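Chemist: Handing you this structure, nothing more for now.
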Amino acid sequence: MTIWDRRYSKSDYLYGKEPNDFVVQAAPLIPPGPVLCLAAGEGRNAVYLAQQGYAVKAVDISIVGLDKAKRLAAAAGVEIETEVVALADFKIPANYWGGILSIFAPLPPIARAKLHRQCVAGLVPGGMLVLEAYTPAQLQLKTGGPATASLMMDLAILHHELAGLEFKYGVETERQIVEGSGHHGLGSVVQVIAVKPGL
Ligand SMILES: C[S@@+](CC[C@H](N)C(=O)[O-])C[C@H]1O[C@@H](n2cnc3c(N)ncnc32)[C@H](O)[C@@H]1O
């Protein structure tokens with residue numbers, strides 16, 4: 127059992143059942159095509175995108191989280207595909223995804239950079255990456271997120287790691303994040319909407 131399995135073992139949804147605010151904002155911009163949700167957890171964002179009509183695959187290291195995601199999907203009357211994966215070893219097929227979602231996916235820098243390179247390759251031309259993550263400034267705010275800065279990101283890191291995508295939107299900002307008991311107040315985040323050129 128992973129630490130995330132233990133965190134997800136309660137019947138409550140740690141980050142709630144409602145989608146992340148930034149996902150709701152960005153969803154209408156995601157082009158048609160299959161969407162990959164990285165570190166999808168208990169599935170709130172995957173289920174929301176399935177409700178918007180996307181074919182969604184949700185991947186995460188936690189089988190407990192993904193089981194809850196399946197139940198959330200069933201309760202919402204939609205289907206999502208799930209796969210338990212360790213993102214450090216995950217292979218993303220090239221030129222396949224219309225959208226890739228990365229919402230609060232905490233990975234160490236080497237694994238994260240490798241994953242981000244694969245995200246660039248894995249999108250079809252015109253495909254869109256939507257990402258929100260805590261920045262290191264979150265460590266002072268203490269309203270959720272990893273305990274170490276190395277698991278966080280900023281815009282400069284993301285421009286570097288996502289080279290090859292065109293950033294349509296990229297900000298570092300503070301916003302109120304109230305998502306279950308896991309995220310509970312003012313948070314310092316980086317938000318990105320980036321498109322693979324070539325259409
Ligand atoms: C803060 S939660 C966010 C979950 C979801 N994206 C959301 O916003 O509701 C971080 C997620 O990353 C997953 N995760 C952490 N390390 C991972 C890894 N190495 N491979 C795959 N998933 C991982 C955890 O299981 C957890 O579901």
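In this note's numbering, each residue's number is its place in the sequence shown (first place is 1) plus 126. By construction, the Cβ of each residue, glycine as well, lies at the ideal position given by its N, Cα and C atoms. The model shown is predicted, which means the values in this text are computed figures rather than measured ones.
1) With Gly-225 and Gly-179 assumed to form a contact (beta carbons below 8 Å), what rounded beta-carbon distance in angstroms separates them?
2) Would you check whether ligand 1 has a heavy atom nearer than 7 Å to the C-beta of Arg-238?
3) Who are the Cβ neighbours of Lys-294 in its own chain at under 7 Å, not counting the five residues just before and after it?
4) I need the DSSP call for Pro-145, collapsed to helix, strand or coil.
5) Exposed or buried, what is Lys-196 when buried is set at 16 or more other beta-carbons lying within 10 Å of its beta-carbon?
6) Please list the terminal residues of the continuous beta strand (DSSP E) segment that includes Lys-183.
7) For a test of your reading of the model: does the CB of Phe-230 fall under 7 Å from any non-hydrogen atom of ligand 1? Yes or no.
8) Just confirm the distance between the C-beta atoms of Gly-306 and Leu-140, as a whole number of angstroms; I'd bet it's less than 8 Å.
9) Roughly how many angstroms lie between the CA atoms of Val-204 and Glu-287, to the nearest whole one?
10) For Cys-163, list the residues DSSP reports as bridge partners.
11) For ligand 1, is there any heavy atom lying closer than 7 Å to the beta carbon of Tyr-295?
Modeler: The structure says:
1) Translated into the one-based positions of the sequence shown, residue 225 becomes position 99. Translated into the one-based positions of the sequence shown, residue 179 becomes position 53. 12 Å between Cβ atoms; not a contact.
2) Against the sequence shown, residue 238 aligns to sequence position 112. No, ligand 1 has no heavy atom inside 7 Å of this Cβ.
3) Along the sequence shown, one-based indexing puts residue 294 at 168. Excluding positions up to five away in sequence, the list reads Ile-319, Ala-320, Val-321.
4) Taking the first residue of the sequence shown as position 1, residue 145 is located at position 19. Coil, per DSSP.
5) Mapped onto the sequence shown, residue 196 falls at position 70. Flag for Lys-196 reads buried.
6) Start at 1 with the first residue of the sequence shown, and residue 183 comes out as number 57. Segment 182 to 186, the beta strand (DSSP E) holding Lys-183.
7) Residue numbering aside, residue 230 sits at position 104 when the sequence shown is read from its first letter. Yes - ligand 1 has a heavy atom lying nearer than 7 Å to the Cβ of Phe-230.
8) Against the sequence shown, residue 306 aligns to sequence position 180. Against the sequence shown, residue 140 aligns to sequence position 14. Correct: roughly 5 Å between the Cβ atoms.
9) As a first step, residue 204 must be located in the sequence shown, where it is residue number 78. As a first step, residue 287 must be located in the sequence shown, where it is residue number 161. For Val-204 and Glu-287, the distance between alpha carbons rounds to 33 Å.
10) Start at 1 with the first residue of the sequence shown, and residue 163 comes out as number 37. Paired residues: Ala-184, Leu-227.
11) Start at 1 with the first residue of the sequence shown, and residue 295 comes out as number 169. Every heavy atom of ligand 1 is 7 Å or more from the Cβ of Tyr-295, so no.
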